[in-house]
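Chemist:
Numbering (this note's numbering), first residue to last: 6 to 234.
#1: For residue 222, name the three-state secondary structure that DSSP assigns.
#2: Relative to the C-alpha of residue 181, which candidate in 115, 55, 8, 224 has its C-alpha closest?
#3: Would residue 207 and residue 174 be called neighbours here (beta carbons separated by less than 9 Å)?
#4: Do you know whose CA, among 184, 110, 113, 39, lies nearest residue 131's CA?
#5: Going by beta carbon distance, what residues of the same chain come within less than 8 Å of residue 17, once the five residues before and after it are set aside?
#6: Can you look up residue 206 in the DSSP assignment and give me helix, strand or coil?
#7: Starting from the N-terminal side, write out each stretch of the beta strand (DSSP E) that is 3 residues or longer and does not extend beyond the segment 59–103.
#8: Assuming contact is defined by CB atoms lying nearer than 9 Å, are residue 45 and residue 147 in contact in what I supplied?
#9: Measuring alpha carbon to alpha carbon, tell me which residue in 25, 72, 68, 84 is nearest residue 54.
#10: According to DSSP, residue 47 sits in a beta bridge with which residue or residues?
#11: I'd like the list of long-range same chain contacts for residue 100, defined as Cβ closer than 7 Å, with 5 residues on each side in sequence excluded.
#12: Can residue 43 and residue 62 be called in contact, C-beta distance under 9 Å?
#13: From this set, 188, 97, 212, 138, which residue's C-alpha is nearest residue 153's C-alpha?
#14: Is it buried or exposed, residue 126, if we count other Cβ atoms within 10 angstroms and call 16 or more buried?
#15: Just to confirm, are residue 229 and residue 197 a CB contact at a threshold of 9 Å?
#16: Over the uninterrupted alpha helix (DSSP H) stretch that includes residue 190, give me the two end residues.
#17: Counting C-beta neighbours from all protein chains within 10 Å, is the total for residue 12 16 or more, i.e. buried, or is it exposed?
#18: Less than 8 Å between C-beta atoms, sequence neighbours within five positions excluded: which residues of the same chain meet that for residue 60?
#19: Rounded to the nearest angstrom, how far is the Cβ of residue 210 from that of residue 144, given a contact under 8 Å?
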């Protein structure tokens, strides 16, 4: 586990996307009562479970979009008291999970004092919910953007260079093509950009420690400019 700020950690695991190694990242937030909130869980290896439990009791397992859910069941079987909250659509896609709640625009009472959230409208392929960790001014996302840089493998770097999205927070071409309601998506994005964040945690690529908001504005200029932003 790598600490990023007080009560905020990340950890990574390998993951291939369209044949490219892009990695996957889990975020852990410790709430004021000491309970842990796990975002986009990766594989629940014995070593990782021990590391996480050393930080506090795990109370919430969050599957923040329709793609980032594969290991939630592993964690729940290991920590059966943890409540599972999922992106819209996962409740139907994963009937095997004991789901406690479906995420939306309003944060759950248990974490509303620390975390805010926005459901990205108009993007039903993912139905991603993006979070803002107020104490550290950190945006916590999954596929809202990738941030492929020098730490990525050579083939991945080459592919993202050719796509024009290397070295900065930016959505992939796949995401652009799968947005179904651009106006609705833009409205959600504008709400996210209203948060005062600098750091951005994404599931794939590097964490952006500074200037994250400005990078997202540039990465989404193609959409924001349609609305006069």
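We treat Cβ as the ideally placed atom computed from N, Cα and C, and that holds for glycine. Computed from a predicted structure; not experimentally measured.
Modeler: According to the structure shown:
#1: Position 217 of the chain shown holds residue 222. Here residue 222 sits in helix by DSSP.
#2: Here residue 181 is taken as the residue at index 176 of the chain shown, counted from 1. Closest option to residue 181, Cα to Cα, is 224.
#3: The sequence position of residue 207 within the chain shown is 202, counting from 1. The sequence position of residue 174 within the chain shown is 169, counting from 1. The answer is yes: Cβ separation under 9 Å.
#4: Looking up residue 131 in the chain shown gives position 126. For residue 131, the nearest C-alpha among the options comes from 184.
#5: As a first step, residue 17 is located in the chain shown; it is residue number 12 there, counting from the start. Result list for residue 17: 28, 29, 30, 31, 47, in chain order.
#6: Here residue 206 refers to the residue found at position 201 when the chain shown is read from its first residue. Correct three-state label for residue 206: strand.
#7: 63–68, 88–91
#8: As a working mapping, residue 45 is identified with position 40 in the chain shown. As a working mapping, residue 147 is identified with position 142 in the chain shown. In this structure, residue 147 lies closer than 9 Å to residue 45 by Cβ.
#9: Reading the chain shown from its first residue, position 49 is the one you call residue 54. Closest option to residue 54, Cα to Cα, is 84.
#10: On the chain shown, position 42 is the one that residue 47 refers to. Residue 47 pairs with nothing; no bridge assigned.
#11: Position 95 of the chain shown, counted from the first residue, corresponds to residue 100. Taken in chain order, the list of residues that qualify is empty.
#12: As a position in the chain shown, residue 43 is number 38, starting the count at 1. As a position in the chain shown, residue 62 is number 57, starting the count at 1. Against a cut-off of 9 Å, the Cβ pair of residue 62 and residue 43 comes out as no contact.
#13: Residue numbering aside, residue 153 sits at position 148 when the chain shown is read from its first letter. Of 188, 97, 212, 138, the residue nearest in Cα terms is 212.
#14: Translated into positions along the chain shown, residue 126 becomes position 121. By the neighbour-count rule (16 or more Cβ atoms within 10 Å), residue 126 is buried.
#15: Translated into positions along the chain shown, residue 229 becomes position 224. Translated into positions along the chain shown, residue 197 becomes position 192. No, the Cβ-Cβ distance between residue 229 and residue 197 is not below 9 Å.
#16: Here residue 190 is taken as the residue at index 185 of the chain shown, counted from 1. It spans 187–198 - the alpha helix (DSSP H) in which residue 190 sits, taken as one unbroken run.
#17: Residue mapping note: residue 12 aligns to position 7 of the chain shown, counting from 1. It counts as buried.
#18: The residue you call residue 60 lines up with position 55 of the chain shown. Cβ neighbours of residue 60 within its own chain (closer than 8 Å, five residues either side excluded): 6, 14, 33, 35, 41.
#19: On the chain shown, position 205 is the one that residue 210 refers to. On the chain shown, position 139 is the one that residue 144 refers to. About 14 Å; that fails the 8 Å criterion.
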